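Just so you know, we're using the numbering used here here: the sequence shown kicks off at 624 and counts up by one. Here a beta-carbon is modelled for each residue, glycine too, at the ideal position from N, C-alpha and C. Remember, predicted model here, so these are calculated numbers, not experimental data.
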Amino acid sequence: MIDHRIHNFSSGPSILPREVLEQAAQELVIHPELGHSIMELSHRTPFWTAFMERTEADLRELLAIPDDYAVLFLQGGATFQFTMLPLNLVPEGGVVNMLHTGRWSQKAIAELGQLKRRAHIAASSEETQFDRIPTHHTLDEEGVYVHYVDNNTIYGTEYPAPPEVGDALLVCDASSNILSRPMDVARHGLIFAGAQKNLGPAGLTLVIIRRDLLDRATWSLPKTLHYRPIAQAHSMLNTPPVWPIYITGLVLRWLKRQGGAEVMAQRNADKAALLYQAIDETPLFEGCTTADSRSRMNVTFRLTRDALTPTFMAEAATHDLHYLKGHRSIGGCRAALYNAMPMESVQLLADFIRDFGQRHA
Ligand SMILES: *Cc1c(COP(=O)(O)O)cnc(C)c1O
Numbered sequence: 624m625i626d627h628r629i630h631n632f633s634s635g636p637s638i639l640p641r642e643v644l645e646q647a648a649q650e651l652v653i654h655p656e657l658g659h660s661i662m663e664l665s666h667r668t669p670f671w672t673a674f675m676e677r678t679e680a681d682l683r684e685l686l687a688i689p690d691d692y693a694v695l696f697l698q699g700g701a702t703f704q705f706t707m708l709p710l711n712l713v714p715e716g717g718v719v720n721m722l723h724t725g726r727w728s729q730k731a732i733a734e735l736g737q738l739k740r741r742a743h744i745a746a747s748s749e750e751t752q753f754d755r756i757p758t759h760h761t762l763d764e765e766g767v768y769v770h771y772v773d774n775n776t777i778y779g780t781e782y783p784a785p786p787e788v789g790d791a792l793l794v795c796d797a798s799s800n801i802l803s804r805p806m807d808v809a810r811h812g813l814i815f816a817g818a819q820k821n822l823g824p825a826g827l828t829l830v831i832i833r834r835d836l837l838d839r840a841t842w843s844l845p846k847t848l849h850y851r852p853i854a855q856a857h858s859m860l861n862t863p864p865v866w867p868i869y870i871t872g873l874v875l876r877w878l879k880r881q882g883g884a885e886v887m888a889q890r891n892a893d894k895a896a897l898l899y900q901a902i903d904e905t906p907l908f909e910g911c912t913t914a915d916s917r918s919r920m921n922v923t924f925r926l927t928r929d930a931l932t933p934t935f936m937a938e939a940a941t942h943d944l945h946y947l948k949g950h951r952s953i954g955g956c957r958a959a960l961y962n963a964m965p966m967e968s969v970q971l972l973a974d975f976i977r978d979f980g981q982r983h984a
């Protein structure tokens with residue numbers, strides 16, 4: 624068996640806890656309780672039903688999800704929620720308040736147009752190339768909900784706390800920071816997250832939805848696009864994505880063993896502080912975002928001499944530090960520090976930045 628694991632700073636799909644992968648590798652072939660692969664199991668079995676129930680219970684415990692919220696295990700990625708969410712909550716011609724902070728809000732805005740719903744840009748940081756979280760917004764009172772992206776995976780900004788929207792219904796795209804810190808679920812009407820950043824493999828999307836919103840669509844919707852029948856069928860209207868749910872279930876157990884979201888919040892803050900400090904203290908490097916909007920999950924930075932960027936990447940790779948290239952739309956460098964990223968890897972990257980900076984001063 625190959626035992627050498629590189630330091631994987633990919634922003635998604637991304638690093639998973641090693642002990643989860645080891646358990647999954649074994650149970651992929653023969654699960655000890657089943658005598659066959661976990662992938663060869665019908666989803667209509669007591670074993671699977673119990674696994675789903677436990678996974679949901681663990682998620683509820685980790686995020687302190689109140690009882691009046693349903694948890695849905697869906698497919699289609701976070702992107703599919705840009706479609707499903709307005710179709711369920713907004714009548715045709717209706718308005719959504721968008722807090723525009725980058726690529727993912729852009730895509731949600733574009734899809735609203737496609738669906739004949741209207742986006743009101745209540746706030747935007749586009750003028751400064753999305754280098755910050757906007758501090759003010761002006762809501763359209765007709766808006767059905769306010770959509771914000773808690774962590775901007777591409778630009779490397781993150782809301783320090785949910786935006787203040789008074790009584791307005793708040794919807795959160797938490798794809799790249801869910802369970803990286805505690806979250807006040809009750810302040811939200813709906814939270815969605817693709818699994819493949821901080822939670823598990825690609826193929827699963829979580830939706831946490833206040834139950835009264837399951838039935839907002841008084842208009843006709845295809846059953847597979849409608850939250851209510853999916854919730855009624857406990858996310859098993861049809862075959863659920865068993866493999867990503869299975870791995871996510873193991874990741875949630877791992878998170879509980881680690882001490883939960885509070886412990887993760889502390890560790891993630893420590894890891895981010897370490898890396899930003901190295902960037903700030905090394906003259907050859909600079910962060911891409913304003914200090915008060917910095918993401919703890921996706922650290923974006925660049926070299927002040929851009930021509931050195933390829934050398935930086937190539938040398939980093941010789942230290943097993945991989946996938947540090949910034950998103951193709953903004954360039955530069957980006958390091959993802961999701962829950963499963965160990966402090967030791969971040970320390971190595973910070974040390975390498977300092978060392979590289981000194982050698983190329
Ligand atoms: C990755 C990402 C998405 C898109 O996720 P898919 O699962 O690829 O559809 C949406 N929002 C955020 C914040 C993301 O990081």
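How about residue i and residue j: do their beta carbons lie closer than 8 angstroms?
| i | j | result |
| --- | --- | --- |
| L735 | P786 | no |
| T1045 | G699 | Only positions 624 to 984 of the chain appear in the structure, and residue 1045 is not among them; the question remains open. |
| A797 | I814 | yes |
| R810 | T912 | no |
| M806 | L657 | no |
| R833 | D690 | no |
| F674 | G872 | yes |
| L848 | L708 | no |
| L837 | G812 | no |
| L875 | H630 | no |
| S803 | N821 | yes |
| L695 | I801 | no |
| C795 | D773 | yes |
| L947 | A958 | yes |
| A973 | A901 | yes |
| R919 | E750 | no |
| G635 | S799 | yes |
| F975 | H942 | yes |
Leaving out five residues before and five after residue i in sequence, what residues of the same chain have Cβ atoms less than 6 angstroms from its Cβ?
| i | result |
| --- | --- |
| T932 | L926 |
| P757 | A746, S748 |
| K846 | P852 |
| R726 | I777 |
| P824 | P867, I870 |
| V769 | N720, V788, A791, L793 |
| R741 | V718 |
Using CA coordinates, which residue listed in the options is at the minimum distance from residue i?
| i | options | result |
| --- | --- | --- |
| N921 | H950, A939, D903, T934 | H950 |
| F705 | L802, A816, L960 | A816 |
| P906 | S968, R977, Q889 | R977 |
| L844 | L712, L664, T672 | L712 |
| K739 | I953, V718, A963 | V718 |
| E765 | A791, D681, P636 | A791 |
| P783 | E684, L682, R917, L860 | R917 |
| W877 | A914, N962, Q889, R628 | N962 |
| Y899 | T724, L960, P824 | L960 |
| G779 | F979, C956, M887 | C956 |
| A914 | A930, A896, D929 | A896 |
| A940 | F753, D681, F979, F908 | F979 |
| T668 | V865, G883, M966 | V865 |
| D681 | K879, F908, D929 | K879 |
Which residues in the same chain have their Cβ closer than 7 angstroms to the Cβ of residue i, if we skip the five residues on either side of it in sequence?
| i | result |
| --- | --- |
| I661 | E650, L651, H654, Y869 |
| K730 | T702, F705 |
| T678 | I868, T871, G872, L875 |
| M859 | H666 |
| M936 | L947, K948 |
How far does the beta strand (DSSP E) with residue i in it extend, from its first residue to its last?
| i | result |
| --- | --- |
| V694 | 692-697 |
| D796 | 793-796 |
| E909 | 908-910 |
| V808 | No beta strand (DSSP E) holds V808; DSSP gives it neither H nor E. |
| Y850 | Careful: Y850 lies outside any beta strand (DSSP E), inside the alpha helix (DSSP H) at 850-855. |
| L926 | 921-926 |
| G817 | 813-817 |
| Y771 | 769-772 |
First and last residue of the alpha helix (DSSP H) that includes residue i?
| i | result |
| --- | --- |
| M721 | Where M721 is concerned, there is no enclosing alpha helix (DSSP H), although the beta strand (DSSP E) it sits in stretches over 718-723. |
| A745 | Careful: A745 lies outside any alpha helix (DSSP H), inside the beta strand (DSSP E) at 741-747. |
| V865 | 865-881 |
| R957 | Here R957 belongs to no alpha helix (DSSP H); instead the beta strand (DSSP E) covers 956-959. |
If I measure Cβ to Cβ from residue i and keep anything under 8 angstroms in the same chain, skipping five residues before and after, which residues do I get?
| i | result |
| --- | --- |
| V808 | L686, A687, I688, P689, Y692, I814, I831 |
Any heavy atom of ligand 3 closer than 7 angstroms to the Cβ of residue i?
| i | result |
| --- | --- |
| L829 | This structure simply doesn't include ligand 3; it includes ligand 1 instead. |
Open item on the list: Please enumerate, following chain order, all residues with a beta carbon closer than 6 angstroms to at least one heavy atom belonging to ligand 1.
Closed with: G635, G700, A701, T702, W727, V772, T776, D796, S798, S799, G817, K820
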